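Read the structure below first, then the notes.
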Amino acid sequence: MADIKEIKKELQALRKEIKHHNRRYYDDDSPEISDYEYDQLMLRLKAIEKEYPELITKTSPTQMVGGTAKREAGVLVKHDVPMLSLQDVFSKAEIVDFVASMRQELGEPEFVVEEKIDGLSLALRYENGELVRAVTRGDGILQGEDVTENARVIKDVRQSLKDRLPYFEVRGEVYMETAAFEAVNERQELLGLKPFANPRNCAAGTLRQLDSRITAERNLSMFVFNLQTARGREFATHTEAYEFMRAQGIKIIHGYKVCHTADEVWAAIQEIGESRGELPYDIDGAVVKLNSFADRERLGATSKVPRWAIAYKYPPEEKETVLRKIELSVGRTGRITPTAIFDPIRLCGTKVERATLHNQDFIDEMDVRIGDTIVVYKSGEIIPKVKGVVKEKRPMDAVPFLIGDTCPVCGHRAFREENTADIKCTNPNCPAQLENHILNFVSRNAMDIKGFGAAYIKELIEKGYLANIADIYHLHSHREELIAAGILGKEKNTDKLLQAIEASKENEPQQLLTGLGIPGIGRAAARDLMRKFGSLDALQTATEEELLAVPDMGEISAKNIREYFSDEANKEMLLNLKSAGVHMESHEAGNEEGILSGKTFVITGTLPTMDRKEAAALIERHGGRVTGSVSKKTDYLVAGEAAGSKLTKAQSLGTKILSEEELLELCKE
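For the sequence shown, the positions run 408 to 1076 when this note's numbering is used.
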């Protein structure tokens, strides 16, 4: 018999690990492991608890819904009907057992089999036919977050119903189609932001953030999959409720099947599984549920799951293939990404011949070499992944693969960023990243050239008008041909943008320095550098020792500055900017004695009268510094409405909390 102390120790470790991954998945929208790996942890936990039921606790992950409700997403709302999880199963035998148990309990029940969408659960409440509230699952039992304003801008969410029942509540899944997800990540890359890991994370993060305009831009979708409760009309079955919803214009789950036997249920599950690769969205399984609401009421639920439904999770489909080459590409942020190119295989109904290898660390850890036989898989996801190498099939002449320190596009030096696995090209004029570099240069935090969007930048590069950022200030000499070609629109729009470019020449040089895109030099660092050196000319000749004397300047950033200003192409570009009349001397040089001098601020939440940029400018005008994250070095947190996790961290560190009014008073002192 196993040592009970060891069993308890394993249980404790498993529960702790699963709770950690629940928080990452449900609350942070940033899972660290695949669904399959998570399922294996849960299966092990259930197996131990089944063998030792006396060790089951109320707080075990097997007894609780995964998520929690978070105030920063919105007001917390009490659930009218619990939004429970589903019991997961992984084999045909378990499906057969479920159907048999339902038949034994109920006689001849009907089952509905439908896709299990990989997204974020949302309840929609209608009163007298009008949408009044949208609530996330939250803790699944007591309360969720009110995200009504964000839900209203989702195209699939009906604002009103034809039949105005006194009360009608449905539950569905908010998700992103693959095309919408790719468009969002492309924009993240353009803006130099971290891409989302998968559509589910992106959908969840989008629904919970505070600006409904961003929600609208990201093109979320929604399927409704259940009637929670209704007043004013009785429904006997799930499918009857679906027909009513369809008549109201509500988008219901796609391609559901009504079944009566275990064989029919299993056939429907297989049919959904075979179509996975052809769907425009991710699914992570198939749901089997009773059709009759009376039967559901009779069976009830446990503290975590209904007894009348289960979710079948598809096993990861994987195949062996031969790795023929590793292709290096450079993204718009300069990051070099290795991609495995292998003999074509079919997974989940689609042809696959490429998969990302992420970075050098991933290649080293897997020990992937050209010529290797590799195992490629798809779980419930669309994106293929490399699972491992079949070492016994390795060719004798296979050698370790290195990305190297040279950009594969322009030949400039590439370097590995500190504390990351990313290797990046150092050439700001590299054709592969020029578009992103210019987009950063014209952005609000840099030169703030309004109206200079990504579409214009892309076409100007393609047409040969922009080869580096200095070329922006020579566009005026091409005015007539730009108007004739319609690249920037008609005459009025072209002149408006050219005027904005001209006006940007008078910006403070810290904006120019931010726009240069030197690794590690953001808005706050650029401000500190200009206070210290006063001009771009003085900064170009500064030694590393002088740079390290600037507050919070690290060795890596100092080295990056020296390397940037030592590059001949960069020197020529800066001379070009100077000759074009771009302002390079600070009006605020040496202004380190303001009332807020030496103080570091973080701004969070929505302020009553100022946006964050205005608040930051106010602080900086009075000598303070603004950073993006709370740490022991933070002197003040300026907190507005829905301040979130930064406020919590500041409170734990004992950081002074200021309202907007208190900040204004501080600046007046």
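Note that beta-carbon positions come from the ideal geometry of N, C-alpha and C, so glycine has one too. Since the model is a prediction, treat every value here as computed from it, not as a measurement.
Among 1025, 700 and 665, which has the Cα closest to the Cα of residue 641?
Translated into positions along the sequence shown, residue 641 becomes position 234. The option with the nearest alpha carbon to residue 641 is 700.
Name the DSSP beta bridge partners of residue 1008, please?
To locate residue 1008, count along the sequence shown from 1; it is residue 601. Residue 1008 is bridged to 1033 and 1043.
Limits of the unbroken beta strand (DSSP E) element including residue 680
For the purposes of this step, residue 680 is taken as the residue at position 273 of the sequence shown. Secondary structure note for residue 680: it is in no beta strand (DSSP E), and the uninterrupted alpha helix (DSSP H) holding it is 669-682.
Give me the Cα-Cα distance between residue 897 and residue 907, rounded to the nearest whole angstrom.
Mapped onto the sequence shown, residue 897 falls at position 490. Mapped onto the sequence shown, residue 907 falls at position 500. Across the structure, residue 897 and residue 907 are spaced so that their CA atoms are roughly 16 Å apart.
State the Cα-Cα distance for the pair residue 970 and residue 978, rounded to the nearest angstrom.
As a first step, residue 970 is located in the sequence shown; it is residue number 563 there, counting from the start. As a first step, residue 978 is located in the sequence shown; it is residue number 571 there, counting from the start. In a straight line, the C-alpha of residue 970 is about 11 Å away from that of residue 978.
Quick check on residue 960: does DSSP put it in helix, strand or coil?
Walking along the sequence shown from the start, residue 960 turns up at place 553. DSSP places residue 960 in coil when its eight states are reduced to three.
If you pair each beta-carbon of the stretch 940-950 with each one of the stretch 853-872, do three or more pairs fall below 8 Å?
At 8 Å Cβ cutoff, the stretches do not touch.
Out of 778, 648, 1009 and 1020, state which residue places its alpha-carbon closest to the alpha-carbon of residue 1035.
Residue 1035 sits at position 628 when you count from the first residue of the sequence shown. Nearest C-alpha to residue 1035: 1009.
Is residue 726 helix, strand or coil when you go by DSSP?
Within the sequence shown, the letter at position 319 stands for residue 726. Strand.
Taking the DSSP output, what are the residues bridged to residue 530?
In the sequence shown, residue 530 corresponds to position 123, counting from 1. Residue 530 is bridged to 542 and 578.
Residue 753 (DSSP reduced to helix, strand or coil):
Taking the sequence shown and counting its residues from 1, one reaches residue 753 at position 346. Note: residue 753 maps to strand in three-state DSSP.
Please report the distance separating the alpha-carbon of residue 997 from that of residue 933.
Translated into the one-based positions of the sequence shown, residue 997 becomes position 590. Translated into the one-based positions of the sequence shown, residue 933 becomes position 526. Here the model assigns residue 997 a pLDDT of 45, short of 50, so the residue's position is not dependable and the matter cannot be decided.
Count the C-beta pairs between the stretch 722-731 and the stretch 773-787 that are closer than 8 Å, then say yes if the count reaches three, no if not.
yes
Under the three-state reduction of DSSP, which class applies to residue 629: helix, strand or coil?
The residue labelled residue 629 in the question sits at position 222 within the sequence shown. Three-state DSSP puts residue 629 in a strand.
Residue 846 by DSSP, collapsed to three states: which one?
Position 439 of the sequence shown, counting from 1, holds the residue named residue 846. Looking at residue 846 - three-state DSSP - the assignment turns out to be helix.
Backbone secondary structure at residue 808 - three-state DSSP:
Counting from one through the sequence shown, the residue named residue 808 turns up at place 401. Coil.
Residue 829 versus 689, 766 and 665, residue with shortest Cα-Cα distance
What you label residue 829 is simply residue 422 of the sequence shown in a count that begins at 1. Comparing Cα-Cα distances from residue 829 to each of 689, 766 and 665, the minimum goes to 766.
Close-in-space but distant-in-sequence residues of the same chain around residue 496 (CB under 6 Å, 5 per side omitted):
Here residue 496 refers to the residue found at position 89 when the sequence shown is read from its first residue. Excluding residues within five positions, the ones whose Cβ falls inside 6 Å are 717 and 719.
Tell me which same chain residues have a C-beta within less than 7 Å of the C-beta of residue 853, skipping the five on either side of it?
Counting from one through the sequence shown, the residue named residue 853 turns up at place 446. Here the set comprises 847, 918, 921 and 922.
Name the residue from 631, 644, 609 and 1056 whose alpha carbon lies nearest to the alpha carbon of residue 621.
The count along the sequence shown starts at 1 and reaches residue 621 at position 214. Selected option, being the one with the closest Cα: 609.
Report all residues from its chain with a CB closer than 8 Å to the CB of residue 410; omit the five preceding and five following residues, and keep chain order.
One-based indexing of the sequence shown puts residue 410 at position 3. If we look at residue 410 and ignore the five residues flanking it on each side, it has no Cβ neighbours.
For residue 524 and residue 582, which I take to be in contact (beta-carbon distance under 8 Å), what is that distance rounded to the nearest angstrom?
Along the sequence shown, one-based indexing puts residue 524 at 117. Along the sequence shown, one-based indexing puts residue 582 at 175. Indeed, because the Cβ distance is near 5 Å, the residues count as touching under 8 Å.
Kindly indicate which residue of 619, 1069, 801 and 991 has the alpha-carbon position closest to the one of residue 1025.
For this step, residue 1025 is matched to residue 618 along the sequence shown. Nearest C-alpha to residue 1025: 1069.
Can you tell me whether residue 1080 is helix, strand or coil according to DSSP?
Limits of the chain in this structure are 408 at one end and 1076 at the other, which puts residue 1080 out of reach.
Identify every residue that forms a DSSP beta bridge with residue 1065.
Residue mapping note: residue 1065 aligns to position 658 of the sequence shown, counting from 1. Residue 1065 pairs with 1045.
Within this structure, are the beta carbons of residue 418 and residue 529 separated by less than 9 Å?
Residue mapping note: residue 418 aligns to position 11 of the sequence shown, counting from 1. Residue mapping note: residue 529 aligns to position 122 of the sequence shown, counting from 1. Their beta carbons are not under 9 Å apart, which means residue 418 does not touch residue 529 by this criterion.
Tell me which residues share the same chain as residue 412 and place their Cβ nearer than 8 Å to its Cβ, disregarding the 5 neighbours each side in the sequence.
Translated into the one-based positions of the sequence shown, residue 412 becomes position 5. In the same chain as residue 412, and ignoring 5 residues on each side of it, no C-beta atom comes closer than 8 Å to its own.
Is residue 1040 buried or exposed, if buried means 16 or more other CB atoms sit within 10 Å of its CB?
Numbered from its first residue, the sequence shown carries residue 1040 at position 633. Exposed, because fewer than 16 other Cβ atoms sit within 10 Å of the Cβ of residue 1040.
Once DSSP output is grouped into helix, strand and coil, what is the label at residue 410?
Locating residue 410 in the sequence shown gives position 3, where the first residue counts as 1. Coil at residue 410, not helix or strand.
Run of the alpha helix (DSSP H) containing residue 649, from where it starts to where it stops
The sequence position of residue 649 within the sequence shown is 242, counting from 1. Start and end: 645-655.
Roughly how many whole angstroms lie between the Cα atoms of residue 778 and residue 968?
For the purposes of this step, residue 778 is taken as residue 371 along the sequence shown, with counting starting at 1. For the purposes of this step, residue 968 is taken as residue 561 along the sequence shown, with counting starting at 1. Straight-line Cα distance between these residues: approximately 41 Å.
Are residue 817 and residue 843 close, meaning C-beta to C-beta below 9 Å?
Here residue 817 refers to the residue found at position 410 of the sequence shown. Here residue 843 refers to the residue found at position 436 of the sequence shown. Taking 9 Å as the Cβ cut-off, residue 817 and residue 843 do not qualify as a contacting pair.
DSSP state of residue 496 mapped onto helix, strand, coil
Stepping through the sequence shown from its first residue, residue 496 is reached at position 89. Residue state, collapsed to three classes: strand.
Could you name the residues that DSSP lists as bridge partners for residue 522?
For this step, residue 522 is matched to residue 115 along the sequence shown. DSSP lists 693 as the bridge partner or partners of residue 522.
Start and end of the alpha helix (DSSP H) containing residue 901?
Taking the sequence shown and counting its residues from 1, one reaches residue 901 at position 494. Taken as a continuous stretch (DSSP letters only), the alpha helix (DSSP H) holding residue 901 covers 898-910.
Give me the residue from 673, 616, 459 and 422 with the minimum Cα distance to residue 448.
Reading the sequence shown from its first residue, position 41 is the one you call residue 448. With distances taken between Cα atoms, residue 448 lies closest to 422.
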